[in-house]
Amino acid sequence: QITEGEETVLTALPVYHIFAFTANLLSFYRVGARNLLIPSPRPIQNLQRAFENYRVTWISGVNTLYNALLNEEWFLAFPPKHLKAAIGGGAAMHSAVVKRWEEVTGAPLAEGYGLTESSPVVCFQPFVGLRKTDSIGIPAPGTAIRLVDDDGKPVAAGEPGELIVRGPQVMHGYWNQAEDTAKTLRDGWLFTGDVAVMDSDFIFRIVDRKKDLIIVSGFNVYPNEIEDALSKHDKVLEAAVIGVKDAKTGEAVRAFVVKRDETLTDAELLAHCRTLLTGYKIPAKIVFRDELPKTPIGKILRKELRKEAV
């Protein structure tokens with residue numbers, strides 16, 4: 287519940303990004319909330335004073351931000367007492383991070399989905415009623431969604447397809463870019479480039495970016511699923527997955543992992559993956575790194591990892 291004039295939202299994302307601009311700046315200013323702007327959320331200790339000195343009731347962030355907070359001793363020792371809820375977006379939330387966040391803070395972490403071209407909200411998880419933590423929830427009011435194949439035809443229920451959206455929040459086009467507009471907007475539908483599935487409860491889940499799809503021996507492999515599996519290991523801090531060329535299988539899965547515990551070995555992690563993933567989805571190689579490349583808002587840059595792998 288939002289109480290007008292009494293909320294304090296922690297804004298650790300840059301307000302030039304449409305996620306923070308809409309969710310934090312516009313939405314919370316509308317109810318007279320105090321906005322705590324964190325100019326630089328890295329190192330993550332920069333958030334400590336805000337939590338200690340203010341009655342933070344809401345926060346928005348990406349998966350890496352929440353994961354980083356959950357690995358800070360000061361945060362675990364004194365989790366925010368007044369937090370009502372957290373909002374996740376910008377990139378897929380990992381189920382292990384959501385579960386631990388809710389255990390530590392006692393506040394729900396609800397994921398939403400959108401993009402700049404949709405101003406930005408398309409779907410969100412409701413805070414009440416049926417909420418599945420591994421989903422993006424239901425369409426926003428007045429929003430129509432379809433899941434289609436490469437020919438633009440609707441896919442069968444439960445099957446993955448590109449998410450396309452139509453609604454009052456969808457853009458009219460890219461400024462002076464007629465060719466790009468024609469590719470993205472077709473017959474009034476915005477083609478997002480994201481692959482999703484809809485379950486029997488009409489709740490949507492993002493599978494991955496279409497361009498990040500890995501094809502191993504003809505089988506579709508989505509990096510998000512593997513990253514989520516890797517993140518469930520207690521000794522993993524962060525993980526990213528890409529596809530690399532392979533003479534035998536066309537492409538092979540390569541995982542980049544930041545350790546939480548230095549004793550972690552690739553053999554241990556592969557054994558963990560075998561308990562959660564089908565054989566062709568298991569990484570062919572695991573590369574341990576000190577950190578992963580990220581955007582200013584904390585999204586992991588798979589394209590930079592692909593460049594390194596070439």
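Using this note's numbering, the letters of the sequence shown correspond one by one to residues 287 to 596. Here a beta-carbon is modelled for each residue, glycine too, at the ideal position from N, C-alpha and C. Here the structure is a predicted model, which means the values were calculated and not measured.
Whole angstroms are fine: how far does the CA of residue 474 sit from the CA of residue 425?
17 Å
For residue 306, which option in 389, 381, 399, 288 has the closest C-alpha, if you only look at C-alpha atoms?
399
Decide if residue 501 is buried, meaning its Cβ has at least 16 other Cβ atoms within 10 Å, or exposed.
exposed
Mind reading off the beta-carbon distance from residue 568 to residue 303? Whole number of angstroms is fine, and I expect it under 8 Å.
Actually they are not in contact, since the Cβ atoms of residue 568 and residue 303 sit about 34 Å apart, beyond 8 Å.
Distance check for residue 338 and residue 402, CA to CA, integer angstroms please.
33 Å
Residue 594 - DSSP class collapsed to helix/strand/coil:
helix
Select from 364, 450, 347, 317 the residue whose C-alpha is nearest the C-alpha of residue 334.
364
Would you say residue 526 and residue 517 are within 7 Å of each other, going by their C-beta atoms?
no
Within the chosen definition, does the region 407-424 reach the region 375-389 through at least 3 CB pairs nearer than 8 Å?
yes
Quick check: what's the CA-CA separation for residue 503 versus residue 534?
8 Å
Could you tell me the alpha carbon to alpha carbon distance between residue 438 and residue 529, rounded to whole angstroms?
25 Å
Output needed for residue 515: all residues of its chain with C-beta closer than 7 Å, excluding positions within five of it in sequence on either side, in chain order.
559, 562, 563
Quick one: what's residue 510 bridged to in DSSP?
Its beta-bridge partners do not exist; DSSP assigns none.
Alpha carbons only, please: which of 299, 314, 310 is nearest the one belonging to residue 290?
314
Taking its Cβ as the centre, do 16 or more other Cβ atoms sit within 10 Å of residue 461, making it buried, or is it exposed?
exposed
Would you check if the distance between the CB atom of residue 349 and the CB atom of residue 380 is smaller than 7 Å?
yes
On a Cα-Cα basis, can you pick out the residue from 455, 366, 397 that is closest to residue 391?
366
Using 10 angstroms around the beta-carbon of residue 423, count the other beta-carbons present and answer buried if the total reaches 16, otherwise exposed.
buried
So, at 6 Å on beta carbons, what are the nonlocal neighbours of residue 387 in its own chain, with the 5 sequence-adjacent residues on each side left out?
352, 395
Among 382, 371, 332, 346, which one has its Cα closest to the Cα of residue 361?
332
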